[in-house]
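Asker: Protein chains in written order, with the numbering used here: chain G, 10 to 127; chain Z, 79 to 192.
Using N, Cα and C, we set each Cβ at its ideal position, and we do this for glycine too.
Below is a structure I'd like to ask you about.
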Amino acid sequence: AQKVTQAQTEISVVEKEDVTLDCVYETRDTTYYLFWYKQPPSGELVFLIRRNSFDEQNEISGRYSWNFQKSTSSFNFTITASQVVDSAVYFCALSEAGAGEGNTPLVFGKGTRLSVIA
Amino acid sequence: DAGVIQSPRHEVTEMGQEVTLRCKPISGHDYLFWYRQTMMRGLELLIYFNNNVPIDDSGMPEDRFSAKMPNASFSTLKIQPSEPRDSAVYFCASSLAFGETEAFFGQGTRLTVV
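What follows is the structure, given as structure tokens:
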């Protein structure tokens, strides 16, 4: 069965520091999709990025970057020069391809609560 | 599009009462998901629909929970009778396809059963 582990429960950093949120996943499929979502204090879940298992190219979007490594089954998320507005709970999620038997949409990790202190 | 719309945003009810949560997915999305978020268990999938048909309800905790999708633009999650341990945030989400596209979430319904 698919599984997502976010070992860091809470992280606290000072503004302008870089921070990396770890995500390790387990899946039996060769085709799968990885996601990151942000849950700010207001409570909604905001989609950040999707990656498929055939695309290991790292991605950068502004201060956000993602490092996907199949060899270690990891999909880590780095925020550069963190800001107070980055304070939120961040979830990593996994989905196996196709609605076949046993496949489950979007299995989430337990989340990492990031606090950025001014 | 206004995104996924859930109502109510907050619900406080007494134990034993019936609770109905509502969701309007994004137009054109074929998949609709109901998740529950608690501190202890995180985000759990309760049930999902494809083209209004329930596909997997193995996450529904008990027979007290039921979900329906009478048409492509509306779904309900009902708890009858409610219990204090049902207190959680319930999210509805929709997506174009299974797995390979992102799911868009509503703002959630915070349910408190006293």
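Determine the chain A residues that contact Leu43 (chain G) at a beta-carbon separation under 8 Å, and present them in chain order.
Answerer: No chain A is part of this structure, whose protein chains are labelled G and Z.
Asker: For a contact defined as C-beta to C-beta under 7 Å, what are the partners of Ser104 (chain G) on chain Z?
Answerer: The count along the first sequence starts at 1 and reaches residue 104 (chain G) at position 95. Near Ser104 (chain G) (Cβ distances below 7 Å), the residues of chain Z are Gly177.
Asker: Indicate whether at least one CB of chain Z lies closer than 8 Å to the CB of Glu53 (chain G).
Answerer: By 1-based counting over the first sequence, the position of residue 53 (chain G) is 44. By this cut-off, Glu53 (chain G) is an interface position.
Asker: Among the candidates Z:Val167, Z:Asp141 and Z:His107, whose CA atom is the shortest distance from the CA of Leu189 (chain Z)?
Answerer: Residue 189 (chain Z) sits at position 111 when you count from the first residue of the second sequence. Considering only alpha carbons, the answer is Z:Val167.
Asker: What is the DSSP secondary structure of Thr29 (chain G), counted as helix, strand or coil?
Answerer: Counted from its first residue, the first sequence places residue 29 (chain G) at position 20. If DSSP states are grouped into helix, strand and coil, Thr29 (chain G) belongs with the strands.
Asker: What residues in the region 142 to 172 of chain Z have a beta carbon less than 9 Å from any beta carbon of chain G?
Answerer: Those residues of the region 142 to 172 of chain Z that come within reach of chain G (Cβ to Cβ, closer than 9 Å) are Val167, Phe169 and Ala171.
Asker: DSSP three-state call for Asp134 (chain Z): helix, strand or coil?
Answerer: For the purposes of this step, residue 134 (chain Z) is identified with residue 56 of the second sequence, where counting begins at 1. Note: Asp134 (chain Z) maps to strand in three-state DSSP.
Asker: Can you tell me whether Pro114 (chain G) is buried or exposed, with buried defined as 16 or more other CB within 10 angstroms of its CB?
Answerer: Against the first sequence, residue 114 (chain G) aligns to sequence position 105. Buried is the call here.
Asker: Is there a Cβ from chain Z that is less than 8 Å from the Cβ of Lys119 (chain G)?
Answerer: The count along the first sequence starts at 1 and reaches residue 119 (chain G) at position 110. Answer yes: the Cβ-Cβ gap between Lys119 (chain G) and chain Z drops below 8 Å somewhere.
Asker: Less than 8 Å between the beta carbons of Cys32 (chain G) and Ser96 (chain G), yes or no?
Answerer: As a first step, residue 32 (chain G) must be located in the first sequence, where it is residue number 23. As a first step, residue 96 (chain G) must be located in the first sequence, where it is residue number 87. Their beta carbons are not under 8 Å apart, which means Cys32 (chain G) does not touch Ser96 (chain G) by this criterion.
Asker: Take Leu155 (chain Z) and list the residues in its own chain whose beta-carbon comes closer than 6 Å to its own, dropping the five residues that flank it on each side.
Answerer: The sequence position of residue 155 (chain Z) within the second sequence is 77, counting from 1. Closer than 6 Å at the Cβ level, and outside the excluded window around Leu155 (chain Z), lie Leu99, Trp112 and Ala145.
Asker: When we look at the beta-carbon of Lys25 (chain G) and count the other beta-carbons within 10 Å, is it buried (16 or more) or exposed?
Answerer: Here residue 25 (chain G) refers to the residue found at position 16 when the first sequence is read from its first residue. It counts as exposed.
Asker: Tell me whether Ala16 (chain G) is buried or exposed, calling it buried when 16 or more other Cβ atoms sit within 10 Å of its Cβ.
Answerer: Within the first sequence, residue 16 (chain G) is the residue found at index 7, counting from 1. Exposed.
Asker: Counting pairs of beta carbons, one from the region 34 to 41 of chain G and one from the region 87 to 107 of chain Z, are three or more of them closer than 8 Å?
Answerer: No: the two stretches stay apart, fewer than three of their Cβ pairs being nearer than 8 Å.
Asker: If you draw a straight line from the C-alpha of Ala150 (chain Z) to the C-alpha of Gln92 (chain G), how long is it?
Answerer: As a first step, residue 150 (chain Z) must be located in the second sequence, where it is residue number 72. As a first step, residue 92 (chain G) must be located in the first sequence, where it is residue number 83. Approximately 40 Å between the Cα atoms of the pair.
Asker: Using 10 angstroms around the beta-carbon of Ala181 (chain Z), count the other beta-carbons present and answer buried if the total reaches 16, otherwise exposed.
Answerer: On the second sequence, position 103 is the one that residue 181 (chain Z) refers to. Buried is the call here.
Asker: Which residues, in order along the region 74 to 85 of chain G, keep a beta-carbon less than 7 Å from a beta-carbon of chain Z?
Answerer: Under the 7 Å Cβ criterion, the region 74 to 85 of chain G contributes no residue.
Asker: Leaving out the 5 sequence neighbours to the left and right, which residues in its chain are closer than 6 Å to Asp135 (chain Z) when beta-carbon positions are compared?
Answerer: Against the second sequence, residue 135 (chain Z) aligns to sequence position 57. The answer, listed in chain order, is Ile125.
Asker: Please classify Pro200 (chain Z): does DSSP put it in a helix, a strand, or coil?
Answerer: With chain Z represented from 79 up to 192, any question about residue 200 (chain Z) goes unanswered, as that position is not in the structure.
Asker: What number of angstroms, rounded off, separates the C-alpha of Ile20 (chain G) from the C-alpha of Thr29 (chain G)?
Answerer: Position 11 of the first sequence, counting from 1, holds the residue named residue 20 (chain G). Position 20 of the first sequence, counting from 1, holds the residue named residue 29 (chain G). If I take the Cα positions, the gap works out to 9 Å.
Asker: For Asp164 (chain Z), is the classification buried or exposed, using 16 other Cβ atoms within 10 angstroms of its Cβ as the cut-off for buried?
Answerer: Counting from 1 along the second sequence, the entry for residue 164 (chain Z) is found at position 86. Buried.
Asker: Relative to the alpha-carbon of Arg142 (chain Z), which residue among Z:Glu96, Z:Leu174 and Z:Val192 has its alpha-carbon at the smallest distance?
Answerer: As a position in the second sequence, residue 142 (chain Z) is number 64, starting the count at 1. The shortest C-alpha separation from Arg142 (chain Z) is found at Z:Glu96.
Asker: When the Cα atoms are used, what is the spatial distance from Tyr99 (chain G) to Tyr73 (chain G)?
Answerer: Working through the first sequence from its first residue, we reach residue 99 (chain G) at position 90. Working through the first sequence from its first residue, we reach residue 73 (chain G) at position 64. In a straight line, the C-alpha of Tyr99 (chain G) is about 12 Å away from that of Tyr73 (chain G).
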